[in-house]
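Visitor: Position in the sequence shown counted from 1, then plus 17, gives you this note's numbering.
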Amino acid sequence: MPLHLTKIAFGAKSYDQLAGWYRGRGEIRLTTRNRPTRHEECVGGSLYWIINHAIVARSTITGFAKTEDGRWDICLAPELVRVHTQPKRAHQGWRYLTEDKAPKDVAEGEDIGDALPGKLAMKLERLGLV
């Protein structure tokens with residue numbers, strides 16, 4: 018079972034804006050200073066995108082490549098898959114996410130309605146209301 022990563026979609030204010038980053042592009046490359054220690058386990062897994070304190074989408078990790086300046090590219094498939102929104106605190110860089118904690122994909126044609134903002138969903142969860 019592959020391991021996943023989470024990453025803040027810095028600059029994206031909504032899922033639609035994140036989806037715009039993917040339109041008309043081939044392979045997506047996300048540059049990071051350090052390669053994840055468990056990178057081999059992540060190939061075939063997904064990078065889950067966080068917007069406004071919630072995981073909203075994912076892309077399949079196809080590999081890792083070293084850049085000329087010594088950094089690392091996380092290579093992603095050019096498809097963005099919407100997932101059921103799940104609260105997630107903001108963090109710097111990337112974090113690991115196991116399969117049992119990863120949100121499920123939204124099925125084609127499934128209406129997910131309006132998702133609660135991540136901060137609000139976390140507060141309501143702490144209060145036992147969701």
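Glycine included, every Cβ here is placed at the ideal spot set by N, Cα and C.
Compute the Euclidean distance between the alpha carbons of residue 37 and residue 27, then round it to the nearest angstrom.
Guide: Along the sequence shown, read from residue 1 onward, the residue named residue 37 stands at position 20. Along the sequence shown, read from residue 1 onward, the residue named residue 27 stands at position 10. Roughly 14 Å separates the two Cα atoms.
Visitor: Residue 62: which of 76, 106 and 127 sits nearest, CA to CA?
Guide: On the sequence shown, residue 62 is found 45 positions in, with the first residue counted as 1. Here the closest residue by C-alpha is 76.
Visitor: Between residue 163 and residue 114, how many whole angstroms is the CB-CB distance? I'm expecting something under 8 Å.
Guide: What is shown of the chain runs 18 to 147, which leaves residue 163 out entirely.
Visitor: Can you tell me whether residue 84 is buried or exposed, with buried defined as 16 or more other CB within 10 angstroms of its CB?
Guide: On the sequence shown, residue 84 is found 67 positions in, with the first residue counted as 1. By the 10 Å Cβ count, residue 84 comes out exposed.
Visitor: For residue 79, which residues from the same chain have a beta carbon less than 6 Å from its beta carbon, with the 5 sequence-adjacent residues on both sides left out?
Guide: For this step, residue 79 is matched to residue 62 along the sequence shown. Around residue 79: 92 and 94.
Visitor: If you reduce the DSSP assignment to three classes, tell me which class residue 34 lands in.
Guide: By one-based count along the sequence shown, residue 34 stands at place 17. DSSP places residue 34 in helix when its eight states are reduced to three.
Visitor: Tell me residue 93's beta-bridge partners as DSSP assigns them.
Guide: Mapped onto the sequence shown, residue 93 falls at position 76. Bridge partners of residue 93: 45 and 78.
Visitor: Would you mind working out which of 21, 45, 18 and 71 sits nearest residue 97, comparing C-alpha positions?
Guide: Against the sequence shown, residue 97 aligns to sequence position 80. For residue 97, the nearest C-alpha among the options comes from 45.
Visitor: Leaving out the 5 sequence neighbours to the left and right, which residues in its chain are closer than 6 Å to residue 122 when beta-carbon positions are compared?
Guide: Taking the sequence shown and counting its residues from 1, the one referred to as residue 122 is at position 105. Cβ within range, chain order: 98 and 100.
Visitor: List the DSSP bridge partners of residue 115.
Guide: Indexing the sequence shown from 1 puts residue 115 at position 98. DSSP lists no partner for residue 115.
Visitor: In whole angstroms, give me the CA-to-CA distance for residue 32 and residue 24.
Guide: Working through the sequence shown from its first residue, we reach residue 32 at position 15. Working through the sequence shown from its first residue, we reach residue 24 at position 7. Roughly 14 Å separates the two Cα atoms.
Visitor: Candidates 103, 119 and 124: which alpha carbon is nearest residue 141's?
Guide: Along the sequence shown, read from residue 1 onward, the residue named residue 141 stands at position 124. Answer by Cα proximity: 103.
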